[in-house]
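Okay, so here's the structure we're looking at.
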Amino acid sequence: LAPSHLKKQGTHYDLAIAIGILSLSTGIHAGEDMVFLGELSLDGKINRVKGVLPIVISLHQKGYKKFIVPKANAKEACVVKGVEVYGFENLLELVKFLSGELKKEPESFEIQDWQSYDYDVDFSEVYGQHQAKRAAEIACAGMHHLLLIGSPGAGKSMIAKRLPTIMPPLSFEEAVEISRIYSVAGLLNDDFPLITKRPFRSPHYTASDVALAGGGTNPQPGEISLAHLGILFLDEFPEFSRKAIETLRQPMEDGYITISRSGGRATFPAKFLLVAAMNPCPCGNYGNPYKACTCTPMQIKSYQSRISGPILDRIDLRVWVEPLDKESMITMKPGESSQKIRERVIRAVQIQRERFKNSKTKFNGHMTNEEIKRFCVTTEEAQRHLRLAVERLNLTGRGYTKLLKVARTIADLEGQEKINSTHVAEALQFRVEDKTL
Ligand SMILES: Nc1ncnc2c1ncn2[C@@H]1O[C@H](COP(=O)(O)OP(=O)(O)OP(=O)(O)O)[C@@H](O)[C@H]1O
Ligand SMILES: [Mg+2]
14 LAPSHLKKQG THYDLAIAIG ILSLSTGIHA GEDMVFLGEL SLDGKINRVK GVLPIVISLH
74 QKGYKKFIVP KANAKEACVV KGVEVYGFEN LLELVKFLSG ELKKEPESFE IQDWQSYDYD
134 VDFSEVYGQH QAKRAAEIAC AGMHHLLLIG SPGAGKSMIA KRLPTIMPPL SFEEAVEISR
194 IYSVAGLLND DFPLITKRPF RSPHYTASDV ALAGGGTNPQ PGEISLAHLG ILFLDEFPEF
254 SRKAIETLRQ PMEDGYITIS RSGGRATFPA KFLLVAAMNP CPCGNYGNPY KACTCTPMQI
314 KSYQSRISGP ILDRIDLRVW VEPLDKESMI TMKPGESSQK IRERVIRAVQ IQRERFKNSK
374 TKFNGHMTNE EIKRFCVTTE EAQRHLRLAV ERLNLTGRGY TKLLKVARTI ADLEGQEKIN
434 STHVAEALQF RVEDKTL
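Sequential numbering from 14 applies to the sequence shown in my numbering.
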């Protein structure tokens, strides 16, 4: 258990310790290149453990190839290419295997046609709301944080819940990256231990800051990490505790979170797409052309100030969702299907894959300043437009880079190399500085 200064936690060393003792006392042979992982119960059963996938990945990188794991974790270990995995249900069976009495084939896990787009909901069910749907498309195409503000029943939650249906498909590497986090949280399925869809996490507003950020004596990933490379949907955003909302600040910027607890420090990835929905005031009708708002200016201000300036500044797209127009409501004309929207998103993502092929960045929303300078090339007219916007809107440095990133994604959706003034104009529409916030 060296090095001794590192605190060890969990039960996954049980099996290795037992085999160590047995190989001394009975002479069974455990090869030096073999890794043993598993929890032992008193009757000799080998129980599943958390975190097998990241452990196998990291040991494989160190050169280990043979892994003995609990049967329940066998498929999970097989997700790593180039390893030999044997799964066992009890110690006796394993001892027989090691002594040559029992022959066993390595485990396998067929990973074919794994990408899944099987959803119960579709964007065609959302009538009208073109502006909000367009924002959703841009958000998914470039991984831009999105805030939907509007009166009750306009379709904010409805739109947010349909976002996964237009997200770009996962690459295998991304699927493994997400599955590693779910493995640590003990949330992988034994029979198909690979996350096949971009995560959609929607914690309730009573969730604590620890539930969001992660924690515990033995640090576990929180909602923001479980939403890695997918969507973190915070409905009724101002109802979350201030502490919970503020924990988003650092990960929204850095794409990871470090948790320090008495049991140790852990860093978890947290590159999520934040989608938040809120009413503009306690009664919900501020700005509603059809219904009077009954709140005092003080109440409206205090409600909105629950979302701090720094958090708002980190949100790329802010959309005012008007009440559904009467015509759309009555005609019930289906909207564009998720598949159609997704096709455009995928095209824009392909442009980004090519653009960032030598970079850690994968989406426009995550560009570094250096990349913004290099890739956000504008026409002269767009340049003039931007200059005007900076002066009029008093944009912060971050606000300005967000504007450029969004304009880049809008241009990509159109397949244009240079950002023109129409792209800038559309990006500017998504800052709703004027109405309330
Ligand atoms: N644009 C729309 N197209 C079709 N149905 C809609 C639309 N907007 C609202 N609805 C209907 O109204 C219901 C409520 O909408 P939703 O929950 O999305 O509203 P909301 O904007 O989130 O309201 P709240 O502010 O109260 O949370 C939906 O389940 C749907 O049946
Ligand atoms: Mg809602």
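Every residue, glycine too, gets a C-beta built ideally from N, C-alpha and C.
Three-state secondary structure assigned by DSSP to residue i
{"i": "Tyr316", "result": "helix"}
{"i": "Ile270", "result": "strand"}
{"i": "Met265", "result": "helix"}
{"i": "Tyr299", "result": "coil"}
{"i": "Ile354", "result": "helix"}
{"i": "Ile208", "result": "coil"}
{"i": "Val87", "result": "Here the sequence assigns Ala to residue 87, which means Val is not the residue at that position. It is helical."}
{"i": "Tyr99", "result": "strand"}
{"i": "Gly428", "result": "coil"}
{"i": "Gly227", "result": "strand"}
{"i": "Lys346", "result": "coil"}
{"i": "Pro16", "result": "coil"}
{"i": "Ala163", "result": "Correcting the residue identity first, residue 163 is Gly in this sequence and not Ala. Residue state, collapsed to three classes: strand."}
{"i": "Lys370", "result": "coil"}
{"i": "Met171", "result": "helix"}
{"i": "Ala289", "result": "strand"}
{"i": "Ala198", "result": "coil"}
{"i": "Thr39", "result": "coil"}
{"i": "Ala305", "result": "coil"}
CA-to-CA distance, residue j to residue i, given in whole angstroms
{"i": "Tyr413", "j": "Asn298", "result": "30 Å"}
{"i": "Gly229", "j": "Val62", "result": "18 Å"}
{"i": "Val437", "j": "Leu401", "result": "11 Å"}
{"i": "Ser372", "j": "Thr381", "result": "10 Å"}
{"i": "Ile354", "j": "Ser137", "result": "10 Å"}
{"i": "Ser184", "j": "Ala305", "result": "48 Å"}
{"i": "Arg255", "j": "Val139", "result": "31 Å"}
{"i": "Lys78", "j": "Glu97", "result": "6 Å"}
{"i": "Pro8", "j": "Val93", "result": "Outside the displayed span of the chain (14 to 450) sits residue 8, for which this structure offers no information."}
{"i": "Val403", "j": "Cys389", "result": "16 Å"}
{"i": "Tyr99", "j": "Lys88", "result": "10 Å"}
{"i": "Gly163", "j": "Val288", "result": "14 Å"}
{"i": "Cys91", "j": "Leu239", "result": "22 Å"}
{"i": "Asp46", "j": "Pro264", "result": "38 Å"}
{"i": "Gln352", "j": "His158", "result": "22 Å"}
{"i": "Val197", "j": "Pro234", "result": "8 Å"}
{"i": "Ala220", "j": "Leu247", "result": "10 Å"}
{"i": "Pro336", "j": "Asn292", "result": "12 Å"}
{"i": "Cys308", "j": "Arg319", "result": "16 Å"}
{"i": "Asn301", "j": "Pro295", "result": "13 Å"}
{"i": "Glu439", "j": "Val223", "result": "37 Å"}
Assigned exposure category for residue i - 16 Cβ within 10 Å defines buried
{"i": "Tyr303", "result": "exposed"}
{"i": "Leu105", "result": "exposed"}
{"i": "Val362", "result": "buried"}
{"i": "Arg278", "result": "exposed"}
{"i": "Gly199", "result": "exposed"}
{"i": "Ala283", "result": "buried"}
{"i": "Pro310", "result": "exposed"}
{"i": "Arg368", "result": "buried"}
{"i": "Ile30", "result": "exposed"}
{"i": "Thr178", "result": "buried"}
{"i": "Asn407", "result": "exposed"}
{"i": "Asn202", "result": "exposed"}
{"i": "Lys448", "result": "For Lys448, the predicted model reports a pLDDT of 46, less than 50, meaning its position is unreliable and no value from the coordinates is stated."}
{"i": "Met180", "result": "buried"}
{"i": "Thr422", "result": "buried"}
{"i": "Arg193", "result": "buried"}
{"i": "Asp27", "result": "buried"}
{"i": "Gly44", "result": "exposed"}
{"i": "Met342", "result": "exposed"}
{"i": "His25", "result": "buried"}
heavy atom of ligand 1 below 8 Å from residue i C-beta
{"i": "Pro264", "result": "no"}
{"i": "Ser317", "result": "Reading the sequence as shown, one finds Gln at residue 317 and not Ser. Flag unset: Cβ of Gln317 not near ligand 1."}
{"i": "Ala167", "result": "yes"}
{"i": "Glu138", "result": "yes"}
{"i": "Gln442", "result": "no"}
{"i": "Val334", "result": "yes"}
{"i": "Leu337", "result": "yes"}
{"i": "Asn292", "result": "yes"}
{"i": "Gln144", "result": "no"}
{"i": "Ser351", "result": "no"}
{"i": "Ser341", "result": "yes"}
{"i": "Gly100", "result": "no"}
{"i": "Ile179", "result": "no"}
{"i": "Ser164", "result": "yes"}
{"i": "Ile172", "result": "yes"}
Cβ-heavy atom distance, residue i to ligand 4, below 8 Å
{"i": "Asn407", "result": "Ligands in the displayed structure: ligand 1 and ligand 2; ligand 4 is not one of them."}
field: Residues surrounding ligand 2 [beta-carbon distance to nearest heavy atom under 6 Å]
entry: The answer, residue by residue, is Lys169, Ser170, Asp248 and Ala290.
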